[in-house]
Amino acid sequence: METLAVLLEEPKALRLGRVELTPPGDDDVVVDVEWSGISTGTERQLWAGRMPQFPGMGYPLIPGYESVGRVVSAGKQAGRRVGERVFVPGAKCFGPIRGLFGGAAGRLVVPQQRAHSIDETLAERGVLMALAATAYHALAAPGARRPDLIIGHGVLGRLLARLACADGGAPPVVWETDAGRRAGAQGYRAIDPAEDSCRSYASIYDVSGDAGLLDTLISRLTPGGEIVLAGFYAAPITFAFPPAFMREARLRIAAEWTPPDLDAVRTRIADGRLSLDGLITHVEAAPRAPDAYRTAFTDPDCLKMILDWRGQQ
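The sequence shown lines up with residues 567 to 879 when you count with our numbering.
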């Protein structure tokens, strides 16, 4: 069995090609992908060649961890329904080609527990489940404070703000340097950082991925305040110690989402507390993947790019 997939052969060398799939086992499902998302965080680092080394890192690879599709076959022990619409956070079913994260392909073979059922009506918006779960994971850590200030009004920043508003309390302020991206705030304010004089934020969530911002953020903390690093940072993070010492600043790193985070997001979507509307701005057919990736990483008007894989298995 083969499929069409995005192949990142080396930094900035991306093409579409056919690859062989690992045969499914009794516990596996085969998913025909309808849409996959392009991440402007981790995938941008892979594309640019700036991804820090970690186990499994290397080229060539198949990127993508935001796929939505339908189960077209299920192993006898998988217990899944053919035709079910599912979210798949990547796959490792391409033999010697690294699946990092392996979701940008027309067909995937995954263990049944990696195929998460989603509501039919979500359709292409289902690709946002990973980012929504990532935002929830940052907010739901034991002892976590609600964000007073969020840095960055991309998709992750918007989802953080929407989730914070959904669960009650005062809406956060969001900093965004790009004037065009300040639009679309729902129940909170997105402003130019230069217009904000507040220096008493108790909880700042940074999703910008800018490793050079920490000193600025520390200067805006109230004593005992916390900074949450919820983006992805390719460069080393450093900060001046004396200002952090004077404020007894706390630093927390939010890691990868877990299945309970995904369940919590599904509940909030189902009961209407969380909307995924207005976050996908660009859609391209899968054969135009090289152009789509360039647009996603270089066009400031592109909030979220997705690939349409329908009919491209």
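In this text, a Cβ means the ideal position worked out from N, Cα and C, and glycines have one as well.
From what residue to what residue does the alpha helix (DSSP H) around residue i run?
i, result
"W613", "T608 to A614"
"R728", "V721 to A732"
"I835", "P825 to A836"
"A701", "M695 to L705"
"T861", "A855 to T864"
"P808", "F807 to R813"
For residue i, which option in the options has the closest C-alpha, if you only look at C-alpha atoms?
i, options, result
"G649", "Q611, V597, P713 and V693", "V597"
"A732", "V595, D837, M567 and D857", "D837"
"V675", "T687, R691, L697 and G641", "G641"
"G891", "W601, A820, P825 and L842", "The question about residue 891 has no answer, for the chain in this structure spans 567 to 879."
"V638", "V595, G718 and Y631", "V595"
"G545", "Y631, R755 and R581", "Since the first residue shown for the chain is 567 and the last is 879, residue 545 is missing from the structure and cannot be characterised."
"D874", "G661, S766, H719 and G635", "G635"
"D592", "L612, L570, A644 and L582", "A644"
"R691", "P789, S633 and T608", "S633"
"A681", "R839, L828 and Y859", "L828"
"P590", "L783, M567, E609 and E742", "M567"
"C659", "G672, R647 and R651", "G672"
"P677", "A657, V831, I684 and L587", "A657"
Buried or exposed: which applies to residue i, given that a residue is buried once 16 or more other Cβ atoms fall within 10 Å of its Cβ?
i, result
"K870", "buried"
"K578", "exposed"
"G735", "exposed"
"P629", "buried"
"A745", "exposed"
"F653", "buried"
"T569", "buried"
"G753", "exposed"
"A801", "exposed"
"Q679", "exposed"
"V849", "exposed"
"M617", "buried"
"A760", "exposed"
"P809", "exposed"
Go to residue i, then tell me how far its beta strand (DSSP E) extends in each direction, as first and last residue.
i, result
"R581", "A579 to E586"
"D874", "M871 to D874"
"T569", "E568 to E576"
"L715", "L715 to I717"
"R818", "R816 to I819"
"R673", "R673 to P677"
"E850", "H848 to A851"
Is the stretch 789-797 close to the stretch 715-732, with three or more CB pairs under 8 Å? As far as the Cβ criterion goes, the stretch 789-797 touches the stretch 715-732, which means the pair count is three or higher.
If we count Cβ pairs, one from each stretch, closer than 8 Å, do we get three or more for the stretch 841-854 versus the stretch 819-827? No, the stretch 841-854 is not in contact with the stretch 819-827.
Complete alpha helix (DSSP H) runs within the stretch 594-668 (minimum length 4 residues, chain order): Listed in chain order, the complete alpha helix (DSSP H) runs (minimum 4 residues) inside the stretch 594-668 are 608-614.
Which full runs of the alpha helix (DSSP H) of 4+ residues lie inside the stretch 726-795, going along the chain? With a minimum length of 4 residues, the continuous alpha helix (DSSP H) runs that stay inside the stretch 726-795 are 780-784.
Is there contact between the stretch 701-715 and the stretch 664-671, where contact requires at least three CB pairs shorter than 8 Å? In short, these stretches do not touch, since the Cβ pair count stays below three.
Would you call the stretch 785-794 in contact with the stretch 760-776, where contact means no fewer than 3 C-beta pairs closer than 8 Å? Judged by Cβ distances under 8 Å, the stretch 785-794 makes contact with the stretch 760-776, as three or more pairs qualify.
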